[in-house]
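A.B. asks: Throughout the sequence shown, residue numbering follows our numbering, covering 80 to 453 in sequence.
My questions will all concern the structure given below.
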Amino acid sequence: MPSAPSTPADAPRLPDTGVPGRRPVDSVSWGVRVAAEWSARLALIALAGYLVLRALIQVRLVAFAFLVAMLLTALLYPLMASLRARGVHRSLSALLVLLLAVTALGLVGWFVTAQVTSNAESLTGQLTTAGNHIRGWLTSGPLHIRDDQFANLTKNVTDAIGRNQGTLASGLFATASTAVEAVGGILLTTFSTFFLLRDGPLIWSWLVGLFPAPARGDVRAAGGLGWQTLSGYVRGIVVVALADAVSVTVVLLVVRVPLAIPLGVLVFLAAFIPLVGLTVIGALCVLLALISHGPGAALVVLVSIVLLVQAEGHLLHPLVMSRAVRIHPLAVVLAVTAGTLVGGIQGALIAVPVVAVLHTLGRYLRAPRSHAAV
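Listed below in structure tokens is the structure:
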């Protein structure tokens, strides 16, 4: 009877598990194996998300312009659909709606510019008077700052500007470059909005056709739900912006701050950048109140702005937006904060709609296909 082949001395040996016929992997508990499987898949998802984010950062101007165009399309599409229902050609409908939006923004810009220009001389005089009052308080008040100290401070500021002329010049060039990018982004956004209004359904049908036939039904349904979510976000942010603008305008009119209505318009536009926009324009309102009516009026405006920012961040924005996009108010606040940290103002503007759409798509994918619903 032939003997069994001998095992080479240098062949690897499996560790002894203590149980005959049991593999080493069998000694790993079921919970650890499940955790390892989940960890591997989550790591792949995180890596894919990171690569997509890096790619978008490389073309951030194009990506941001297209996302803004989608937001504008969601806002303007009901008017476009109304014109189409009346028999207006889709190209003409898109052009009329876009011209109406551009004209409205142009009139708002003209009104704000005209108000600022007409009040520039008065504001300059008030600024000079306020500066004299502040200097008088610093010299005669508890600080007792002398005139020679003011002279030294002025000299130090002048010397600092002279030493940093190169830095200031490079900053001006950077600002000019940013302005050129902004103009390019505006043109790209306008161009994209027109074609999304005109050919949006056709573009979407083409995209759905790129998927395999068995998956097209799910893609079409998920995309429809995502579009509903995006439209709800746009309606919600308009409500928040209108509430902010009315509240700030009323406060400024009561305190008799100049340019109250133009500042209210700026608040409305800035509110589309959640939390950050209202804070920046609110600081401008406080400054104008200080210049025109002194510290008392500035304090009233400051307290009002702080309360309004808190109400927007912790009550109005989360409640209105969560109702529109169906995500928890805490998720709204965290999305705005994370978007601001990652992408600044641009990130804050698009964070909530992106999270809302992803949330909707996730709920659809988790639902049974026979009755998938959000």
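Every residue gets a Cβ at the ideal spot worked out from N, C-alpha and C, and that includes glycine.
#1: Using the beta-carbon count (16 or more within 10 Å), is Y129 buried or exposed?
#2: Within 10 angstroms of the Cβ of G305, are there 16 or more other Cβ atoms? Answer buried if so, exposed if not.
#3: If you draw a straight line from the C-alpha of V334 to the C-alpha of V380, how long is it?
#4: Would you be able to state if there are at least three C-beta pairs under 8 angstroms between the region 150-165 and the region 130-142?
#5: Keeping to the same chain, check which residues put their C-beta closer than 7 angstroms to that of A90; ignore five residues upstream and five downstream.
#6: How big is the Cα-Cα spacing for A301 and V365?
#7: Quick check: the region 307-314 against the region 271-290, are at least 3 beta-carbon pairs closer than 8 angstroms?
#8: For E391, count the other beta carbons within 10 Å of its own beta carbon; 16 or more makes it buried, fewer makes it exposed. Which is it?
#9: Taking its Cβ as the centre, do 16 or more other Cβ atoms sit within 10 Å of T192, making it buried, or is it exposed?
#10: Less than 6 angstroms between C-beta atoms, sequence neighbours within five positions excluded: which residues of the same chain meet that for L247?
#11: Reducing DSSP to helix, strand and coil, say where L289 ends up.
#12: Give me, in chain order, the residues of the same chain whose beta-carbon lies closer than 6 angstroms to that of V327; leave out the 5 immediate sequence neighbours on both sides.
#13: Cα separation between A122 and I360?
#14: Decide if Y443 is buried, meaning its Cβ has at least 16 other Cβ atoms within 10 Å, or exposed.
#15: Roughly how many whole angstroms lie between the Cα atoms of L171 and I124?
#16: Check L440 in the structure and name its three-state DSSP category.
#17: So, are the CB atoms of L427 and V355 less than 9 angstroms apart?
#18: If L38 sits next to V176, beta carbons under 8 angstroms apart, how far is it from one beta carbon to the other, in whole angstroms?
#19: How many angstroms separate the CA atom of L398 from the CA atom of A320?
#20: Grab me the residues of V330's own chain with a C-beta within less than 7 angstroms of its C-beta, minus the 5 sequence neighbours each way, in chain order.
#21: In three-state DSSP terms, what is A410?
#22: Quick one: what's got a C-beta closer than 8 angstroms to A324's C-beta in the same chain, skipping five residues either side?
#23: State buried or exposed for P280, treating a residue as buried only when at least 16 other CB atoms are found within 10 Å of its CB.
#24: Is F143 buried or exposed, if buried means 16 or more other CB atoms sit within 10 Å of its CB?
#25: Can you give me the C-alpha to C-alpha distance between V431 and V411, rounded to a whole angstrom?
#26: Between which two residues does the alpha helix (DSSP H) containing I370 stretch?
#27: For a quick check, are the C-beta atoms of V433 and A446 less than 9 angstroms apart?
#28: Determine the direct distance from the alpha carbon of T419 to that of Y156, and round the result to whole angstroms.
#29: Please check the pair R277 and A180, which I expect to be a contact at CB under 8 angstroms, by giving their CB distance rounded to whole angstroms.
#30: When the distance is taken between beta carbons, is Q137 closer than 9 angstroms to L338?
#31: Can you tell me where the alpha helix (DSSP H) with R335 in it begins and where it stops?
C.D. replies: The structure says:
#1: exposed
#2: buried
#3: 8 angstroms
#4: no
#5: Reliability of the predicted coordinates at A90 is poor, the pLDDT of 48 falling under 50, and no value is obtained from them.
#6: 46 angstroms
#7: no
#8: buried
#9: exposed
#10: Caution applies to L247, whose pLDDT of 47 falls short of 50 and renders its modelled position unreliable; the model cannot decide the point.
#11: coil
#12: G343, V346
#13: 41 angstroms
#14: buried
#15: 43 angstroms
#16: helix
#17: It should be noted that the sequence gives Ala, not Leu, for residue 427. Yes. Within cutoff.
#18: In the structure as shown, the chain starts at 80 and stops at 453, and residue 38 therefore has no counterpart that could be examined.
#19: 14 angstroms
#20: V380, S383
#21: helix
#22: G343, V344, V346, F347, A350
#23: exposed
#24: buried
#25: 6 angstroms
#26: 355-372
#27: no
#28: 28 angstroms
#29: The pair is not a contact, with the Cβ atoms about 14 angstroms apart (cut-off 8 angstroms).
#30: no
#31: Premise fails: R335 is in no alpha helix (DSSP H) and is neither H nor E.
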